[in-house]
Amino acid sequence: MTGSGTEPTPGPLADEYAPIEPVESTRVFEGRVWDLRRDSLEYGDGRIVRDYVDHTGAVAVLALDDDDRAFLIKQYRHPVRTRDWEIPAGLLDVDGEPPLEAAKRELAEEADLEADDWSVLTEFWNTPGGSNEAIRVYLARGLRATAEPFPREAEEADMEARWVPLDELVEAVLARRVQNAAVVIAALAASASRAVGWSTLAPADAPWPAHPKLGRPTG
Numbered sequence: 000m001t002g003s004g005t006e007p008t009p010g011p012l013a014d015e016y017a018p019i020e021p022v023e024s025t026r027v028f029e030g031r032v033w034d035l036r037r038d039s040l041e042y043g044d045g046r047i048v049r050d051y052v053d054h055t056g057a058v059a060v061l062a063l064d065d066d067d068r069a070f071l072i073k074q075y076r077h078p079v080r081t082r083d084w085e086i087p088a089g090l091l092d093v094d095g096e097p098p099l100e101a102a103k104r105e106l107a108e109e110a111d112l113e114a115d116d117w118s119v120l121t122e123f124w125n126t127p128g129g130s131n132e133a134i135r136v137y138l139a140r141g142l143r144a145t146a147e148p149f150p151r152e153a154e155e156a157d158m159e160a161r162w163v164p165l166d167e168l169v170e171a172v173l174a175r176r177v178q179n180a181a182v183v184i185a186a187l188a189a190s191a192s193r194a195v196g197w198s199t200l201a202p203a204d205a206p207w208p209a210h211p212k213l214g215r216p217t218g
């Protein structure tokens, strides 16, 4: 049985980079954290226009202790009017800062934790139909407390922290009790990777070709 569309590409299942440069690209809104961009491009038999969030990208950290418990924080998120359970995460908004260093910074700032063992767990695009935001999720193990707690303000001032067994976290994901994309993806990826002896992990400094601004060729 076949569906609609072109003939399938042979070989392993993988996304395909399609370097279609826009004929025109305009920043229509400059925000505090990210911008809105309007691109006009030739596609198929005509020209199409697409608006999207132009994003710096982000990193997230699934920190697991020696008992396979994940460190979670509960934080207020205004767009969805919810205090959701999350893993430490943050923007790649420091010029020249490697993603791994950003992940270490976020773990310290949001969890007061450092880690000796870092690996790439998974990567994803948050909303590829409307944003170029790419997120890399690291697995951090060999945890220890930072020398000093990090001062927090705004939505971070009243964050709640909790250690949750990985199996319990997966159960909460499958029961739809937690909805944060990074938590959902990280929990399922970690459970699947653990089942095969963590053989799917990549080095912490592995290239990131899926990031539109860090990993892809320009020009």
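Taking numbering that gives the first Met the number 0, the leading residue of the sequence shown gets 0, the next gets one more, and so forth.
We treat Cβ as the ideally placed atom computed from N, Cα and C, and that holds for glycine.
{"Check": "Counting Cβ pairs, one atom from each stretch, are 3 or more of them under 8 Å apart for the stretch 32-46 and the stretch 111-120?", "Outcome": "no"}
{"Check": "Using CA coordinates, which residue listed in Tyr75, Ser39, Pro87 is at the minimum distance from Asp157?", "Outcome": "Tyr75"}
{"Check": "Please confirm if the stretch 119-137 is in contact with the stretch 178-197, defined as three or more CB-CB distances below 8 Å between the two stretches.", "Outcome": "yes"}
{"Check": "Measure from the C-beta of Asp14 to each C-beta in chain D and report whether the shortest distance is under 9 Å.", "Outcome": "The structure shown contains no chain D, having only a single protein chain."}
{"Check": "If Gly10 sits next to Val58, beta carbons under 8 Å apart, how far is it from one beta carbon to the other, in whole angstroms?", "Outcome": "With 8 Å as the limit, Gly10 and Val58 do not qualify as a contact, their Cβ atoms being about 30 Å apart."}
{"Check": "So, under 8 Å CB-CB, Tyr51 and Ile19 are touching, yes? Tell me the CB distance rounded to an integer number of Å.", "Outcome": "With a Cβ gap of about 14 Å, Tyr51 and Ile19 do not count as contacting."}
{"Check": "Taking the C-alpha atoms as reference points, what is the distance between Pro206 and Asp66?", "Outcome": "30 Å"}
{"Check": "What residue ranges within the stretch 104-152 form continuous beta strand (DSSP E) runs of no fewer than 3 residues, ordered along the chain?", "Outcome": "112-124, 133-144"}
{"Check": "Taking C-beta to C-beta, are Ile86 and Asn179 nearer than 9 Å?", "Outcome": "yes"}
{"Check": "Where does Thr217 sit, in a helix, a strand or coil, going by DSSP?", "Outcome": "Residue placement at Thr217 is flagged as unreliable, the pLDDT there being 48, under the threshold of 50; a coordinate-derived value is accordingly withheld."}
{"Check": "DSSP state of Ser198, grouped into three classes?", "Outcome": "coil"}
{"Check": "Could you tell me the distance, in whole angstroms, from the CA atom of Leu165 to the CA atom of Phe70?", "Outcome": "10 Å"}
{"Check": "Can you give the Cα-Cα distance for Leu200 and Pro98, rounded to whole angstroms?", "Outcome": "16 Å"}
{"Check": "From the DSSP secondary-structure annotation, give me the bridge partner or partners of Ala185.", "Outcome": "Bridge partners of Ala185: none, in fact."}
{"Check": "Taking 6 Å as the limit between beta carbons, can you name the residues of its chain near Pro148, skipping five residues before and five after?", "Outcome": "Asp111"}
{"Check": "Can you tell me the Cα-Cα spacing of Ala101 and Arg135, whole angstroms?", "Outcome": "11 Å"}
{"Check": "Give a yes or no on whether the C-beta atoms belonging to Leu106 and Val163 are separated by under 9 Å.", "Outcome": "no"}
{"Check": "Give the secondary structure of Ala57 by DSSP, where H, G and I count as helix, E and B as strand, and everything else as coil.", "Outcome": "strand"}
{"Check": "DSSP on Pro164, reduced to helix/strand/coil?", "Outcome": "strand"}
{"Check": "Straight-line CA distance for Ala13 to Pro127?", "Outcome": "15 Å"}
{"Check": "Excluding the 5 residues flanking Asp64 on each side, which residues of the same chain have their C-beta closer than 6 Å to its C-beta?", "Outcome": "Leu142"}
{"Check": "If Asp83 and Val177 are in contact, beta carbons under 8 Å, what's the gap, nearest whole angstrom?", "Outcome": "7 Å"}
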